[in-house]
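Asks: Protein chains in written order, with the numbering used here: chain E, 1 to 364; chain V, 365 to 662.
Even glycine gets a Cβ: it sits at the ideal position worked out from N, Cα and C.
Given the structure is predicted, the values throughout are model-derived calculations rather than measurements.
(1) Any C-beta of chain V sitting closer than 7 angstroms to the C-beta of residue 336/E?
(2) Using a Cβ-Cβ cut-off of 7 angstroms, state whether residue 567/V counts as contacting chain E.
(3) Whole alpha helix (DSSP H) runs in the stretch 7-73 of chain E with 4 or more residues, listed along the chain?
(4) Between which two residues does the beta strand (DSSP E) holding residue 592/V run?
(5) Using DSSP bridges, identify the partner residues of residue 435/V.
(6) Are the C-beta atoms of residue 642/V and some chain E residue less than 7 angstroms apart?
(7) What is the DSSP secondary structure of residue 582/V, reduced to helix, strand or coil?
(8) Relative to the alpha-carbon of residue 293/E, which residue among 176/E, 97/E, 213/E has its alpha-carbon at the smallest distance?
(9) Please report how far the alpha carbon of residue 389/V lies from the alpha carbon of residue 395/V, in whole angstroms.
(10) Would residue 579/V count as contacting chain E if we go by Cβ distances under 7 angstroms?
(11) Could you tell me whether the Cβ of residue 183/E comes closer than 7 angstroms to any Cβ of chain V?
(12) Is residue 135/E close to chain A, meaning its C-beta is less than 7 angstroms from at least one C-beta of that chain?
(13) Using Cβ-Cβ distances below 8 angstroms, what residues of the stretch 429-460 of chain V are close to chain E?
(14) Are residue 543/V and residue 590/V close, meaning C-beta to C-beta below 7 angstroms?
(15) Cα-Cα, which of 535/V, 548/V, 525/V, 539/V is closest to residue 517/V?
(16) Could you name the residues of the same chain whose beta carbon sits closer than 7 angstroms to that of residue 605/V, not counting the 5 residues immediately before and after it, in chain order?
(17) Count the other CB atoms, across all protein chains shown, that sit within 10 Å of the CB of residue 284/E; report buried if there are 16 or more and exposed otherwise.
(18) Going by the DSSP bridge assignment, what does residue 104/E pair with across the sheet?
(19) What's the call for residue 186/E, buried or exposed, on a 16-neighbour Cβ count within 10 Å?
(20) For residue 536/V, go through chain E and note every residue whose CB falls closer than 8 angstroms to its CB, in chain order.
(21) Could you spell out where the beta strand (DSSP E) holding residue 488/V opens and where it closes?
(22) For residue 210/E, count neighbouring C-beta atoms within 10 Å of its own C-beta (all shown protein chains included) and say buried if the count is 16 or more, exposed if not.
(23) Can you look up residue 159/E in the DSSP assignment and give me helix, strand or coil?
(24) Check the Cβ-Cβ distances between residue 598/V and every residue of chain E, and say whether any is below 7 angstroms.
(25) Checking 7 angstroms against the spacing of the C-beta atoms, do residue 297/E and residue 291/E come in under that value?
(26) Less than 7 angstroms between CB atoms is the rule here; does residue 87/E satisfy it with respect to chain V?
(27) Indicate whether residue 424/V and residue 473/V have their beta-carbon atoms separated by less than 7 angstroms.
(28) In the structure shown, what three-state DSSP assignment does residue 280/E receive?
(29) Give me the residue from 573/V, 530/V, 504/V with the minimum Cα distance to residue 393/V.
(30) Please identify the residue among 585/V, 374/V, 579/V, 598/V whose C-alpha is closest to the C-alpha of residue 567/V.
(31) Do three or more CB pairs link the stretch 8-28 of chain E to the stretch 156-171 of chain E at distances below 8 angstroms?
(32) On the three-state DSSP scale, how would you describe residue 535/V?
(33) Residue 471/V and residue 438/V: beta carbons closer than 7 angstroms?
(34) Buried or exposed for residue 428/V, please, with buried defined as at least 16 other CB atoms from any protein chain shown within 10 angstroms of its CB.
(35) Classify residue 219/E as helix, strand or coil using the three-state DSSP reduction.
(36) When you compare the CB of residue 476/V with every CB in chain E, is at least one pair closer than 7 angstroms?
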């Protein structure tokens, strides 16, 4: 005797209670605190802030704890929180030339004003599991030196002086697009594309950027510069009429310099691909700048032939909260539609059998 | 029931802030004014995943008031997990009364079914829509499909249906079956089985469709023509079931197949759990209902 399953509500509550229990894990292991996550798993926190598009390290750390370390789930939590926040307006454009540099490297010049600053990086580490970490050792104090004074100009500004690179012209007066407030429309302008990429999934952008290097929309990129550090965010309240600082924001910026052979109108010139993300994530910033340049294909009169150059394809699929939701919705019940398909397959099999039967009879 | 104050839940009535609701209502009004046309709207990130009803939830949040009575179904049932989750969401954030009875509800949010009990004037049926674009699997580009709608160029769809007939002798689409609304736009009815398509035609209820991830809202106003696409020599047909519901003996309703054992045993029961329970309460008995208590008394 079949009894329709009742009590879905109790089952859901029980599942959530079990989840909370599993999240805590064995009681004899000390519970992890959000500030430990914030400061010791800070690159995970950075990713959650970047793709959650909300700069709040403490909140991101809490979300990572709540999500049991599932970063896309944590990003989702942050996004759902962000959507409820009131909007006061836009910050002033960040001036990354005034960044308090922690790391700054250029692959196009051996030395340059401001110097190469390695900063905290995994680059050049040997990827050998460090068993000492398991024992918990206090690392030696890092070396210290007086910072070199003077500005650290952006490499692209140096190229700009010679007009070797396309000029980046601000669009004064035009409102900045926001795809979280207005539906994305195609073709999308570069402001919206960059916003989508900055929020986009690191893995997806990495794969797309990689594909351009392997010939699917080649852009001949050079890392003009990657810089990481804090920049002051400023905001102009209407009642004051001048900019007030809101606080420092840690950012990674990547300026990719790409070859361009020019066309009938434009002389040969380097072109730009731009990446900017919250926190320290060079992989994401670099991928973003590769994809940004690839998405400018039409702008330079080149043919759109590869996935990374295809704006609708990239922008419609780069958001991991959307992607994971729709992929995972397949686990919701679909038995009504499946029933319809069952009926159809049975009908078509019967027709197939009948047709073969007719053929067989005709042959005999 | 009294609506909870924002201070109690930490959120506005029905979760969304009033600005957002206004934006969604404007999209809904436009959708009603142009039946079947997909209106882009600034879909918000909701606290449930995309693909799990965020569009329907936003539409419901924008139209529901403190005096409404909400019913939420998934696969025709009030008890499926996601239906329970969405019902709880509105009970918590809006404090509205909820029901499982189709006739008592003023707002019904649904995924994949239209209730068997005919809807009446004043009711709103909110559909959760995964892919709003009926032409999407024929043309993946939004820029192209919008052009095709603007030109009412639905040749692609007719060719697809014709190819089905050429290959199989009949149209091989069983759900998401395309309809023409008010003689103009071809519309995706959401993945309801085509069995439910005729219920949309000239329905006295307002039908609203929300696609959150795809950021589209569309509508069928009351008493609007909704015609399933077909050909003169291959008229539209709905699914038929050989047996009545094994629990309530209903015929002419959509049935789910329930596998009973691993030896091919199966039974067919109403997908609409409220309809089935009401019939059993009224004394109807299917061949496998046994001596079980009527649904209301279990």
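Replies: In this structure, then:
(1) yes
(2) no
(3) 8-24, 34-40, 42-52, 57-66
(4) 590-592
(5) 472/V
(6) no
(7) strand
(8) 213/E
(9) 9 angstroms
(10) yes
(11) yes
(12) Absent from the structure: chain A. Protein chains present are E and V.
(13) 438, 439, 440, 441, 443, 444, 445, 446, 447, 448, 449, 452
(14) yes
(15) 548/V
(16) 619, 632
(17) buried
(18) 117/E, 227/E
(19) exposed
(20) 344, 348
(21) 488-492
(22) exposed
(23) helix
(24) no
(25) no
(26) no
(27) yes
(28) coil
(29) 573/V
(30) 585/V
(31) no
(32) coil
(33) no
(34) buried
(35) coil
(36) yes
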